[in-house]
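Each residue of the sequence shown is one higher than the one before, counting from 432 in the working numbering. Idealized CB from N, CA, C, for every residue including glycine. Quick caveat: nothing in here was measured; it's all calculated off a predicted structure. Beneath this line is the structure, given in structure tokens, with notes to follow.
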Amino acid sequence: MCEIRAARPRRRTSELRAYVRMGYRSVRALAMFGRILVIYVILLGLRRILGRDRSARVEEGIHLWSARTLYKGFLSLEGVYIKLGQFMSMLTGLLPDQYLDELEKLQDAVPPRPYEAIAARITTELEKPIEAVFEELEEKATASASLGQVHLGRLRDGREVAVKVQYPGIEQVVRTDLAVVRLAASVIDFFFPELNYRNVYEDLKKTITRELDYLNEGRSAERIAANFADNDHVEFPLIYWEYTTSKVLCMERKRGIKILDVAAIKEAGIRPIDVIEILVQAYFKQLLVDGFYHADPHPGNFFVKKAADGRPTIVFLDFGAVAEFPKDFKDGMRTVVYGYMLRDDKRVIEGMRQMGFEAAGADEEIFEKAVRHYMDKLLHFSPQDFSKLDLREFDIRKNLEEMQLSFRELARTFQVPRNWFYVERTLTLLMGLCARLDPKVDAFLYGFPYAVEFVFGGDSKLAAIWGTTSDPTKARSRAVKKTS
Numbered sequence: 432m433c434e435i436r437a438a439r440p441r442r443r444t445s446e447l448r449a450y451v452r453m454g455y456r457s458v459r460a461l462a463m464f465g466r467i468l469v470i471y472v473i474l475l476g477l478r479r480i481l482g483r484d485r486s487a488r489v490e491e492g493i494h495l496w497s498a499r500t501l502y503k504g505f506l507s508l509e510g511v512y513i514k515l516g517q518f519m520s521m522l523t524g525l526l527p528d529q530y531l532d533e534l535e536k537l538q539d540a541v542p543p544r545p546y547e548a549i550a551a552r553i554t555t556e557l558e559k560p561i562e563a564v565f566e567e568l569e570e571k572a573t574a575s576a577s578l579g580q581v582h583l584g585r586l587r588d589g590r591e592v593a594v595k596v597q598y599p600g601i602e603q604v605v606r607t608d609l610a611v612v613r614l615a616a617s618v619i620d621f622f623f624p625e626l627n628y629r630n631v632y633e634d635l636k637k638t639i640t641r642e643l644d645y646l647n648e649g650r651s652a653e654r655i656a657a658n659f660a661d662n663d664h665v666e667f668p669l670i671y672w673e674y675t676t677s678k679v680l681c682m683e684r685k686r687g688i689k690i691l692d693v694a695a696i697k698e699a700g701i702r703p704i705d706v707i708e709i710l711v712q713a714y715f716k717q718l719l720v721d722g723f724y725h726a727d728p729h730p731g732n733f734f735v736k737k738a739a740d741g742r743p744t745i746v747f748l749d750f751g752a753v754a755e756f757p758k759d760f761k762d763g764m765r766t767v768v769y770g771y772m773l774r775d776d777k778r779v780i781e782g783m784r785q786m787g788f789e790a791a792g793a794d795e796e797i798f799e800k801a802v803r804h805y806m807d808k809l810l811h812f813s814p815q816d817f818s819k820l821d822l823r824e825f826d827i828r829k830n831l832e833e834m835q836l837s838f839r840e841l842a843r844t845f846q847v848p849r850n851w852f853y854v855e856r857t858l859t860l861l862m863g864l865c866a867r868l869d870p871k872v873d874a875f876l877y878g879f880p881y882a883v884e885f886v887f888g889g890d891s892k893l894a895a896i897w898g899t900t901s902d903p904t905k906a907r908s909r910a911v912k913k914t915s
């Protein structure tokens with residue numbers, strides 16, 4: 432009885448300390464958001480005094496200071512804030528480049544947790560001691576992220592595994608952090624309603640809630656693997672369900688060469704250009720055919736190995752970030768591409784509405800004016816010229832001046848659908864990865880004829896319009912020629 436009474440005060444003291452830590456953490460986060468908000472409100476008031484040019488220079492400095500403040504703050508707070516920073520780095524078009532550049536660094540900035548806490552989590556989840564399940568489990572994490580980390584090991588039956596373990600207590604941290612982020616988003620929306628950050632918060636909440644369920648991640652891995660069941664050049668780890676729960680994911684350990692170890696890839700007798708071809712076509716299939724895709728083409732998520740036919744096999748890893756298109760979004764995307772290929776801006780406008788780009792109560796005239804403005808820029812490019820596209824031509828501020836619109840007018844008319852953030856980020860990371868494999872290869876050329884084949888069923892008339900073919904092998908030969 433005395434031991435029980437002694438244990439209760441200790442438990443209460445431990446809980447009290449946890450609440451104090453959470454409260455202090457929340458105060459730090461709110462103070463960080465508050466400092467940034469105050470400086471932007473001050474800038475808002477000074478714009479008329481400073482004039483356009485001086486205001487633009489000051490604004491760039493504030494963007495950089497604020498982005499660095501967020502990066503340091505998120506890195507220190509960890510948890511949901513790391514995930515928030517990674518999520519914000521996807522918001523191209525909504526955030527200045529300074530934010531995107533700084534917050535992208537958070538992809539590789541998460542330190543691992545102590546092994547003791549991880550081992551305790553595994554024991555609790557599997558309801559067995561570590562030694563009853565694993566012959567061996569490495570204490571050093573092979574990878575760590577915002578919500579969990581991965582340890583390599585071997586089961587008692589000899590199977591080699593990679594075990595993804597969710598951090599203990601992360602659920603309470605997530606609930607508290609999301610409440611703080613929601614408050615910050617509401618305050619920002621009060622001062623800058625055109626930014627609509629409450630939607631960003633809702634998307635972040637859905638993303639994190641989904642990623643907290645490792646059963647969902649395991650199902651996602653199997654679903655994508657099933658879509659490539661007849662492809663010997665794309666590989667996925669098996670999920671060992673008997674040792675998997677919502678907080679522990681046990682999967683087959685895969686081996687291979689890191690995808691950016693170009694020297695090792697060449698030494699293995701594999702051509703980097705073949706790796707690019709298989710990777711790009713695998714992604715175009717996921718995006719345009721399956722509508723369900725691996726949304727994080729980060730270098731750490733791929734291995735390369737040599738297949739029986741001498742060509743490469745790409746191993747996909749980590750399925751925490753996946754995305755699926757609703758039917759309207761997928762149909763709208765087809766309509767946009769179709770309209771673009773036929774130079775039919777009415778079809779493009781129709782497709783963008785179907786995808787969800789037009790805000791509720793939007794000014795239809797402004798919406799159509801903006802779409803046509805960007806269409807005029809894109810129509811100068813054929814698929815073979817996309818590698819020459821200067822993205823500065825699509826800078827929002829520059830185009831607002833050209834269209835004689837204010838940001839507020841455009842923000843009230845346009846909304847960026849959540850699915851588009853994932854598509855844009857996925858393609859940006861994918862093309863960046865390909866460029867690092869071989870900067871001379873125009874990776875897009877592998878994808879476009881593939882898109883014609885699957886989006887339009889290999890419609891020869893559409894292919895003829897662009898002087899392209901739906902035969903991926905011919906697209907491959909064109910891409911190779913560009914390297915010579």
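Query                                                                                                       : Result
Option nearest E633 by Cα separation, candidates G649, V611, P599 and T766                                  : V611
DSSP three-state assignment for M772, whether helix, strand or coil                                         : helix
Q846 - DSSP class collapsed to helix/strand/coil                                                            : coil
Segments of 4+ residues assigned as alpha helix (DSSP H) that fall wholly inside the region 593-632         : 601-622
R544 versus I561, S575, Y805 and L568, residue with shortest Cα-Cα distance                                 : S575
Coil, strand or helix - L578 by DSSP                                                                        : coil
Where P668 falls: helix, strand or coil (DSSP)                                                              : coil
Backbone CA spacing between V594 and L860 [nearest angstrom]                                                : 26 Å
Any beta strand (DSSP E) of 3 or more consecutive residues that is wholly inside the region 447-503         : none
Beta-carbon gap between F733 and V746 smaller than 8 Å                                                      : yes
Span of the alpha helix (DSSP H) around L646                                                                : Y645 to N658
Beta-bridge pairing of I745 - partner residues as DSSP gives them                                           : V665 and V735
Cβ-based burial, L475 [other Cβ within 10 Å; buried from 16]                                                : exposed
Alpha carbon of F464 to alpha carbon of S486, nearest angstrom                                              : 22 Å
Range of the contiguous alpha helix (DSSP H) that encloses V706                                             : P703 to K716
Assumed close pair V706, P743 - CB separation to whole angstroms, cut-off 8 Å                               : 5 Å
Pairwise C-alpha distance: E795 and V451                                                                    : 51 Å
Sequence-distant residues of its chain with Cβ nearer than 8 Å to I470 (five each side left out)            : I493, W496 and S497
Simplified DSSP state of M682, which is helix, strand or coil                                               : strand
Outcome for G454 when other beta-carbon atoms lying within 10 angstroms are tallied against a minimum of 16 : exposed
Rounded C-alpha distance that separates D740 from F621                                                      : 60 Å
Inter-residue Cα distance where the pair is D807 and R774                                                   : 9 Å
Beta-carbon gap between V605 and I561 smaller than 8 Å                                                      : no
Outcome for K716 when other beta-carbon atoms lying within 10 angstroms are tallied against a minimum of 16 : buried
Residue range of the unbroken alpha helix (DSSP H) whose run includes E698                                  : V693 to E698
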